[in-house]
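First up is the structure itself, then whatever we jot down about it.
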Amino acid sequence: MTAIGKGTAPAAERVPARPLGERAARLGYRYGLVAVLAVMTVAFAALRPAFGTWANALIVLQSVAIVAVVALGVTVSMATGGFDLSVGANVSFVVMVTALTMVRFNLTGGTAILTGLLAGLLVAGANVLLTVVCRVPDLVATLGTMFLFQGLALIITSGESVSAGMTVDGEPAPGRYTEGFLWLGSGTIASVPVPVVVMLLFGAAVYVFLGHTRWGRALYAIGGNARAARPAGIRVERYRALAYLISGLCAAVGGILLSARLGRGDVGAGDPYLLQAVAAALIGFAVLGANRPNALGTLVGALFIGIMINGLTMLNAPYYTQTFVQGALLVGSLIMSYTLTPGRRERHLT
Amino acid sequence: MAGPAAGPAGPPVVAVSGVSKRYGATVALRDVTLEIRAGEVFGLVGANGAGKSTLIKVLSGVTRPTTGELRLRGRRLDLAGPLDARNAGIETVHQNIDDGVVFGVSVAENLTLDALARRGPGRFVTRARTRAAARAIAAAAGLDVPLDAPVETLPASLRQRIVLARALARRPELLILDEPTSTLSAAETETLLAAVRRMAADGIAVLYVSHRMSEIRELCDRVAVLRDGVIRETFTAPVDPARVVAAMLGDDLAARAAAVPGGGAATGPVRFAAEGVRTRPGAEPFGLTVRAGEILGVTGLVGAGKTELLEQLYGVRPLVSGRLLLDGEPYRPRDPRHAISAGVALVAEERAAQAMVPTWSVRAHVTLPHLAAHSRLGLLRRRSEARAAARVIGLFGVRGPGPDAPIEALSGGNQQKVVVGRWLEGEVRLLLLDEPFRGVDVGARADIGRVLRERAGRTAVIVASSDPQEVLDLADRVLVLHDGALAGELRAAEATAERLAALMAGRREPVEAR
Chain B
280 MTAIGKGTAP AAERVPARPL GERAARLGYR YGLVAVLAVM TVAFAALRPA FGTWANALIV
340 LQSVAIVAVV ALGVTVSMAT GGFDLSVGAN VSFVVMVTAL TMVRFNLTGG TAILTGLLAG
400 LLVAGANVLL TVVCRVPDLV ATLGTMFLFQ GLALIITSGE SVSAGMTVDG EPAPGRYTEG
460 FLWLGSGTIA SVPVPVVVML LFGAAVYVFL GHTRWGRALY AIGGNARAAR PAGIRVERYR
520 ALAYLISGLC AAVGGILLSA RLGRGDVGAG DPYLLQAVAA ALIGFAVLGA NRPNALGTLV
580 GALFIGIMIN GLTMLNAPYY TQTFVQGALL VGSLIMSYTL TPGRRERHLT
Chain F
398 MAGPAAGPAG PPVVAVSGVS KRYGATVALR DVTLEIRAGE VFGLVGANGA GKSTLIKVLS
458 GVTRPTTGEL RLRGRRLDLA GPLDARNAGI ETVHQNIDDG VVFGVSVAEN LTLDALARRG
518 PGRFVTRART RAAARAIAAA AGLDVPLDAP VETLPASLRQ RIVLARALAR RPELLILDEP
578 TSTLSAAETE TLLAAVRRMA ADGIAVLYVS HRMSEIRELC DRVAVLRDGV IRETFTAPVD
638 PARVVAAMLG DDLAARAAAV PGGGAATGPV RFAAEGVRTR PGAEPFGLTV RAGEILGVTG
698 LVGAGKTELL EQLYGVRPLV SGRLLLDGEP YRPRDPRHAI SAGVALVAEE RAAQAMVPTW
758 SVRAHVTLPH LAAHSRLGLL RRRSEARAAA RVIGLFGVRG PGPDAPIEAL SGGNQQKVVV
818 GRWLEGEVRL LLLDEPFRGV DVGARADIGR VLRERAGRTA VIVASSDPQE VLDLADRVLV
878 LHDGALAGEL RAAEATAERL AALMAGRREP VEAR
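Here the protein sequences line up with chains B and F, keeping their order.
Numbering follows our numbering, in which position 11 of the first sequence is assigned residue number 290; successive positions increment by one, without gaps.
Numbering follows our numbering, in which position 506 of the second sequence is assigned residue number 903; successive positions increment by one, without gaps.
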């Protein structure tokens, strides 16, 4: 055996050059999804001149903003190896709570935002209680809270939609959506829709949080190997609770934006956001070869879905093909990150 | 207990002749020859990596020997898989009991699992038929269990007996028991040993693998000792545990012990003291001290309680009893984070499972326990992280493709340098190392040992290993644990192979609960 004396600290030893095919696969894996997105955008723009306009870009962004915000929360919960199935129900619940606050109780828009955020954190608290305290597996625990809060949203509104002028106990409801609150859904800041601004802010925040702070590093460590994170001094339970709180907060913000956009509290309005948000986050695994939940990937994933649906709609593809297209996109990305990853690794979602 | 009577001299049931097994360049078994006779309990012992598991795998059909042959009752066996072995009459009960039972169904159904898997008349399983079959199986094994109870409500020992009863129901020629008592209490162990004796009395050949010398002595008619894939010695009852352990450890131990550096006269202040600690509830309490600048070795056979002790000192598991003092101050870790902030660090036993995050870079592994020190306002400072990684790489001579490469790209020894070295990045007052040299090559071992020696001036170190040689290479003093209790303490310079082997085998034991 070679004895290594002092002062022979070897620096990085040279890695042998990889064969061309493997390098191509690596490049393909890293930039494949982004390339497909670029090609698709150019193709849509060529086929339909109306697609490639600033106005349409804003429409696409607007359409994905809420999904993206919710998906960013899902991304954080996935980073710890968790899985938050309750985000859709959370959005629905927050929509109802904000609508009730303004319409039924005639309170201000600011109060509605506050109650909405608290409602979202309540859902998150239930998740924390179940997963961290009671040690129920994430997937089934959040499935449980999903049903609970879908149901609770129905109970607090007697199963009906909430809109201005609805009758409560035989009398018309006293309040209505305030102008300020509605601005969150349809207003603009320097011609950019407010939800898009919120999406960009949250995207940047989650990007920095997950990728560049010690808390994000700790979350990824737990997702990577919780058994190794604990002896390294990471308090796993606290971080898992934090992840669910962030996920619940993002869902609450998504719910507030959706409520403002709808201008009324529709029953089950947020439910479809679960699958779309999960899809966006999972597609994000394959962006830039991250092979793990990440904020940039999630934004690209949400955008991918939005651009595809917008473009196909312009090409007169019937609306009922949208779900299938999303599914195909998701399956393709999953194969990319689970099967085609260079030096494929074992990874577990839950 | 004088040990079992001299074994029966019947014809061999199983004959292993000239079996070798190679995995690539590694030789796991070399020219192993042994015979097990009907009605005999044949013990197999050896340190970790000695080749026990490989031999079990060969006999149970999991793997084919590279050369050599197996014979069962004189007929040559060619086992293509575990099912072949079972059909030939070789049953194996593995160490992990719960691999052998199906949770969520009743005892009766567990006892009759094999019938479920067999093709045969009667497509429908009726409760009555299952119960009748289960009752017969349980009765044959002398097992009294509630047949309708869900299997998970039974204690581990009874689950173990269910697995055994099922194996017996197939009327095996050879029964292989792989560390069957590792999760059982003393009383449960006694029951199991009695059951094994009955099986042998019924004429079954039993291959009994265990780390516990007291069981080996009580139960086995003959004992073979494996070391480095070779059967070094075979003992016939009555077996002297100290000689068995000496054979396990090898002859060069004495020579190495004499050449110990330092020789253990650390004069620093007492850095860490433990009083009245126990490895597990019910075990005998003991105390220990480590001085700053001292390396304390802890050795003992597998299951002696080394990991349990270290994990208590690090807050991974709650302190069973007693109190701890760190630099004279009371210290009672709630969790690893708390221990780390007090200046205590642990390099855990299983590197891949307990210290590594798959796909993460060397740099991220180095800084993971010290993220706060590498961040400002929560934002990680990459340059500070890179410097830390470079320090560890330099200090230990980590060889590999650099700090940004995934840790899997490093050899086992270099991985271990990283997970040991990362603790030296912080202000560590007491460093705990659990089996730090498992799967670590000689060169890396030397590098780690050199750094620990250098650092010992500032840090107190406790190194635990079931290989006393590893401990002797490094430590000033050695504690020997046996069966959860402190068997003795030796200055490294005074440690001879005989004394160590005797202590590890539990020579000190005055009484044994019988």
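For each residue, glycine too, the CB sits at the ideal point set by N, CA and C.
Can you tell which of F:THR523, F:TYR605 and F:PHE500 has the C-alpha that lies nearest to the C-alpha of ILE916 of chain F?
Lying before the first or after the last residue shown, residue 916 of chain F is absent from chain F, which here runs from 398 to 911.
Could you please tell me which residues of the segment 559–579 of chain F, in chain order, have their CB closer than 9 angstroms to any CB of chain B?
none
Within the segment 738–797 of chain F, ranges of the alpha helix (DSSP H) (whole runs, at least 4 residues):
748–751, 759–764 and 779–793
Neighbourhood of ALA597 of chain F by C-beta, 6 angstroms cutoff - its chain only, sequence neighbours within 5 removed:
GLY436, VAL438 and VAL603
Could you pull the DSSP bridge partners for SER417 of chain F from this structure?
F:THR464
For chain B, check one thing: does any of its Cβ atoms lie closer than 7 angstroms to the Cβ of ILE628 of chain F?
no
Could you give the distance in angstroms between the alpha-carbon of LEU594 of chain B and the alpha-carbon of ARG327 of chain B?
7 angstroms
Out of F:LEU616, F:GLY775 and F:ILE628, state which residue places its alpha-carbon closest to the alpha-carbon of VAL636 of chain F.
F:LEU616
Run through DSSP, which three-state label would TYR711 of chain F get?
coil
Where the alpha helix (DSSP H) through PRO865 of chain F begins and ends
865–871
Checking the sheet assignment: what are the DSSP bridge partners for VAL603 of chain F?
F:VAL438 and F:LEU572
Inter-residue Cα distance where the pair is GLY438 of chain B and VAL349 of chain B
24 angstroms
Taking the CB atoms as reference points, tell me whether PHE481 of chain B and ALA391 of chain B lie closer together than 7 angstroms.
no
Cut-off 6 angstroms between Cβ atoms - residues of its own chain near ALA670 of chain F, not counting five sequence neighbours on either side
THR686 and LEU722
Look up PHE460 of chain B in the DSSP assignment and say whether it is helix, strand or coil.
helix
Please state whether DSSP places ASP831 of chain F in a helix, a strand or coil.
strand
If you run the structure through DSSP and keep just helix, strand and coil, what is HIS735 of chain F?
helix
Tell me whether CYS529 of chain B is buried or exposed, calling it buried when 16 or more other Cβ atoms sit within 10 Å of its Cβ.
buried
Kindly indicate the opening and closing residues of the alpha helix (DSSP H) around HIS879 of chain F.
Where HIS879 of chain F is concerned, there is no enclosing alpha helix (DSSP H), although the beta strand (DSSP E) it sits in stretches over 874–879.
Skipping 5 residues on each side, what residues in its chain have a beta carbon closer than 7 angstroms to that of THR467 of chain B?
VAL473
When you compare only the Cα positions, how much space is there between VAL754 of chain F and PRO510 of chain B?
12 angstroms
Just grab the DSSP bridge partners of GLU408 of chain F for me.
Per the sequence presented here, residue 408 of chain F reads as Pro, with Glu not at that position. Its beta-bridge partners do not exist; DSSP assigns none.
Out of F:THR464, F:ARG888, F:ARG524 and F:ALA566, state which residue places its alpha-carbon closest to the alpha-carbon of ARG483 of chain F.
F:ALA566
Since GLY694 of chain F is in the beta strand (DSSP E), which residue starts that stretch and which ends it?
692–696
What distance in whole Å lies between the Cβ atoms of ARG543 of chain B and ALA637 of chain B, which are believed to be in contact at a cut-off of 8 angstroms?
It is not possible to answer for residue 637 of chain B, since the shown part of chain B is limited to 280 through 629.
How close, in whole Å, do the beta carbons of GLY534 of chain B and GLY395 of chain B come, if the pair is a contact with beta carbons under 8 angstroms?
6 angstroms
Say whether the segment 849–865 of chain F touches the segment 700–720 of chain F, bearing in mind that this needs 3 or more beta-carbon pairs closer than 8 angstroms, one atom from each stretch.
yes
PRO510 of chain B touches chain F at which residues, Cβ-Cβ below 8 angstroms?
TYR711, VAL713, PRO733, LEU743, ALA745, GLN751 and ALA752
Counting only Cβ-Cβ distances shorter than 7 angstroms, please list the residues of the segment 772–789 of chain F near chain B, keeping chain order.
SER772, GLY775, LEU776 and LEU777
Nearest-angstrom Cα separation, counted from GLU612 of chain F out to LEU510 of chain F
30 angstroms
The alpha helix (DSSP H) with LEU693 of chain B in it runs from where to where?
With chain B represented from 280 up to 629, any question about residue 693 of chain B goes unanswered, as that position is not in the structure.
Alpha carbon to alpha carbon, what distance is there between TYR711 of chain F and GLN492 of chain F?
27 angstroms
Top-ranked residue by Cα proximity to GLY486 of chain F, from F:GLY740, F:LEU508, F:GLY458 and F:HIS735
F:GLY458
Would you mind listing the beta strand (DSSP E) stretches within the segment 527–589 of chain F that are 3+ residues and don't spill past its ends, in chain order?
571–575
Can you tell me whether DSSP reads ALA362 of chain B as helix, strand or coil?
The question names Ala, but residue 362 of chain B in the sequence shown is Phe. Coil.
Rounding to the nearest angstrom, what Cα-Cα distance links VAL313 of chain B and GLY449 of chain B in this structure?
56 angstroms
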